[in-house]
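With the first letter of the sequence shown counted as 1, position 140 gets the number 139 in numbering that gives the first Met the number 0; the numbers rise by one all the way through.
Presented below is the structure to which this report refers.
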Amino acid sequence: MHHRSPYPTAKPQPSWHPDFPLLMHRLDEHSVHIHELRGDVRELKTSIDAVRIESRDQVDALRKDSQQQLETFRKDSQQQLETFRKESQQQLDTFRKDSQQQLDTFRRESQQQLDAFRRETQQHLQEMRAEIASTVHSCVSAAVAPLCERFNTLNERVNNAGLASDARLLKWFAGSAASSSGLAIIVSRMLS
């Protein structure tokens, strides 16, 4: 068996590759580039964060402006709607009043025309009645005149004759003559 020595033994140094210094130099260059890239990345991240913050602020400001514009638009629209309602109500009330006035005027004019027509019709009716009465009176007078003349003649004969039989005969004759025109009663009363 082999026993370990209490003293450390020296390890042999490895032999370096001939390109090792060049590789180390390149590694250092890459490290520098990596460090620069990390700095650029940090700057880019900072810029991105700043842009995010600015964009968020712009979005918030845009939201506030949009909300304010929307509220203003709503208020203006509500005011315009109320104004339109009031104007429409006023126009409607005015139209109703004008229509009522026109209707009242039309009713009054129609009533006046109707009253005038009634008066004119009543006047024409009275005139027509007067004309009819005059015509009837003329016709009756013309129809009765010969009978009255005959009656007067017969009455004179009766008065002059003084005979009852002749008087009865003349009365009967006069009554028969008057009955043809519907005046028998009048003639009989005149003879009695």
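Glycine included, each C-beta is placed from N, C-alpha and C at the ideal position.
>> At the level of alpha carbons, what is the spacing between Ser54 and Asp39?
In response: If you number the sequence shown from 1, residue 54 lands on position 55. If you number the sequence shown from 1, residue 39 lands on position 40. Cα-Cα distance, rounded: 22 Å.
> Are there 16 or more other CB atoms within 10 angstroms of the CB of Phe150, so buried, or fewer, so exposed?
Replying inline: Residue numbering aside, residue 150 sits at position 151 when the sequence shown is read from its first letter. Its Cβ being crowded by 16 or more others within 10 Å, Phe150 is buried.
>> Whole angstroms are fine: how far does the CA of Phe116 sit from the CA of Arg146?
In response: If you number the sequence shown from 1, residue 146 lands on position 147. If you number the sequence shown from 1, residue 116 lands on position 117. Correcting the residue identity first, residue 146 is Leu in this sequence and not Arg. Straight through space, the alpha carbons of Phe116 and Leu146 are spaced by roughly 44 Å.
> How big is the Cα-Cα spacing for Ala177 and Ser137?
Replying inline: The residue you call residue 177 lines up with position 178 of the sequence shown. The residue you call residue 137 lines up with position 138 of the sequence shown. Summary for Ala177: the model assigns pLDDT 49, below 50, so the residue's position carries little reliability; its value from the coordinates is reported in the next sentence. Going from the Cα of Ala177 to the Cα of Ser137 covers about 18 Å.
> How many Å lie between Asp92 and Ser98 at the Cα?
Replying inline: Residue mapping note: residue 92 aligns to position 93 of the sequence shown, counting from 1. Residue mapping note: residue 98 aligns to position 99 of the sequence shown, counting from 1. If you take the alpha carbons of Asp92 and Ser98, they lie about 10 Å apart.
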